[in-house]
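>
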Amino acid sequence: MRNLRRTIRVRHLVPVGLVLAVAVGGLLVSLSAGASTRARTVPSGSQALAATPPPIRYVGNFTSSQVREGQLLFEANCSSCHGDRAQGAVGPNLQGLGPATVDFWVSTGRMPLADASVQATQKPPRFNGQQATAIAAFVASLAPTGQGFPSGIPHVDTRNASLAMGNRLFVLNCAACHTITGAGDALAAGAYAPSLHVATPTQVAEAIRTGPGNMPVFGSGTLSDAQVADIVAYVTGPIQHPNNRGGLGLGGIGPVAEGFVALLIGVGGIMLIAFWLGERA
Ligand code: HEC
Ligand code: HEC
């Protein structure tokens, strides 16, 4: 009789021990993941001070052959809606919008437009980067870039960018429309803020500085070039490559906590049921 009671007690201790082991393991994994996230996001002081290259280079000088190539492409693909000299027709006047605006709309595939009645969407671009630059060069050659528009196509250097700062600035300035994960969301009056999952660093900076469609313009008085580079690093890093989708990438704090609970209740619960079934058999 006493022997029997002891076996039962030992048998009950095994599942409880296993659940505890799972709990401790989960805790260790989540702690180490948190630690590695912190290590990655906090830039060291010396690194930040040694910032010699500017965070963004605005390239607005184009060769005459770029302008000529752009003119041919513009006449064949754009002038039917925007006019021979981009002065506007069905589509808006493009003179003075600057090369970054034109490069953004062409390189994201928004232009050329097929249907002028709906919001232009991101789609596979018809032109490669060199052609988009040429079209931008041609339009820029027609009129001086207007006040408030970037002087050239932004090339972003994110080597000294801070992901922690980028995250904070993204939450403050972008998440209201694009959502916290960058998945995009509907806005008022049939408009929508698109997903940020395919934009290149240049396109993110162009969107920030030129404010396409219903998006506000964030000028250099609102966000410095260094802050734009922080946001670009955050969007093209953690937003576009979240390391917590399935598998073992437990980098994010929220998913770690959730995964930990799922592990404890899910795996722990299943083990308890399995032991209970085994005991009855
Ligand atoms: C079918 C007509 C059509 C064609 C073809 C077309 N566009 Fe457009 N474009 C429009 C319309 C309409 C808008 C305004 C759309 C919007 O705001 O969503 C626009 C907007 C733009 C804008 C943004 C203007 C602004 O105020 O921000 C740019 C830049 C642009 N087009 C460049 C081009 C270029 C370059 C081409 C050729 C590669 C092109 N478009 C071809 C109709 C067209
Ligand atoms: C008021 C809402 C709003 C806010 C705030 C906003 N956006 Fe946008 N964003 C939009 C809309 C709307 C578009 C699409 C414009 C269009 O196509 O006509 C857009 C387009 C974009 C695109 C182009 C995506 C693609 O691949 O085509 C990028 C990149 C972008 N936004 C980044 C940002 C960033 C970064 C911030 C914060 C600094 C931000 N946006 C803040 C509304 C917003």
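Following my numbering, the numbering of the sequence shown begins with 1486 at its first residue and continues without gaps. Where is the CB? At the ideal position from N, CA and C, for every residue including glycine.
Any heavy atom of ligand 1 closer than 7 Å to the beta-carbon of His1663?
No, ligand 1 has no heavy atom inside 7 Å of this Cβ.
> Could you pull the start and end residues of the beta strand (DSSP E) that Ile1638 belongs to?
Taken as a continuous stretch (DSSP letters only), the beta strand (DSSP E) holding Ile1638 covers 1638–1641.
> Between Thr1586 and ligand 1, is the CB less than 7 Å from at least one heavy atom?
Result yes, Cβ under 7 Å from ligand 1.
> For Ile1750, count the other beta carbons within 10 Å of its own beta carbon; 16 or more makes it buried, fewer makes it exposed. Which is it?
Burial call: exposed.
> Figure out for me which residue from Gly1583, Pro1597, Leu1557 has the closest Cα to the Cα of Val1575.
Val1575 has its Cα closest to that of Pro1597, out of Gly1583, Pro1597, Leu1557.
> What number of angstroms, rounded off, separates the C-alpha of Tyr1543 from the C-alpha of His1640?
The alpha-carbon atoms of Tyr1543 and His1640 are separated by roughly 6 Å.
> Can you give me the C-alpha to C-alpha distance between Arg1653 and Ala1585, rounded to a whole angstrom?
So the two alpha carbons sit approximately 25 Å from each other.
> Taking the alpha-carbon of Pro1538 as reference, which of Thr1687, Asp1710, Ala1766, Gly1753 has the nearest alpha-carbon?
The residue with the shortest Cα to Cα distance from Pro1538 is Asp1710.
> Is Val1683 helix, strand or coil by DSSP?
Of the three classes helix, strand and coil, the one that applies to Val1683 here is coil, per DSSP.
> Could you tell me the boundaries of the alpha helix (DSSP H) in which Arg1765 lies?
Run containing Arg1765: 1753–1765, per the alpha helix (DSSP H) assignment.
> Mapping DSSP to helix, strand and coil, what is Arg1611?
Reduced to three states, the DSSP call for Arg1611 is coil.
> Just list the residues that DSSP pairs Val1544 with in beta bridges.
Answer is Ile1638.
> Can you tell me whether Leu1681 sits near ligand 4, meaning its C-beta is under 7 Å from at least one heavy atom of the ligand?
In terms of ligand content, the structure shown lacks ligand 4 and carries ligand 1 and ligand 2 instead.
> Looking at the structure shown, is Asp1715 part of a helix, part of a strand, or coil, going by DSSP?
Helix, per DSSP.
> Check Gly1519 in the structure and name its three-state DSSP category.
With a pLDDT of 44 at Gly1519, under the threshold of 50, the predicted position of this residue should be treated as unreliable, though the coordinate-derived value follows. Looking at Gly1519 - three-state DSSP - the assignment turns out to be helix.
> Should Ile1665 be labelled buried (16 or more other beta-carbon atoms within 10 Å of its own) or exposed?
Counting Cβ neighbours within 10 Å, Ile1665 comes out exposed, since fewer than 16 surround it.
> Using only CA atoms, which one of Trp1590, Ala1690, Phe1703 lies nearest to Tyr1719?
The option with the nearest alpha carbon to Tyr1719 is Ala1690.
> Tell me whether Ser1565, by its Cβ, gets closer than 7 Å to a heavy atom of ligand 1.
Yes, since a heavy atom of ligand 1 falls inside the 7 Å radius drawn around the Cβ of Ser1565.
> With respect to 7 Å, is the separation between the Cβ of Ala1671 and the closest non-hydrogen atom of ligand 1 below this value?
Because no heavy atom of ligand 1 lies under 7 Å away, the Cβ of Ala1671 does not count as near it: no.
> Under a Cβ-count criterion, where at least 16 other Cβ atoms within 10 Å of its own Cβ denotes burial, should Asp1670 be classed as buried or exposed?
Counting Cβ neighbours within 10 Å, Asp1670 comes out exposed, since fewer than 16 surround it.
> With a cut-off of 8 Å, do at least 3 Cβ pairs link the stretch 1579–1595 to the stretch 1678–1689?
Output reads yes: the stretch 1678–1689 touches the stretch 1579–1595.
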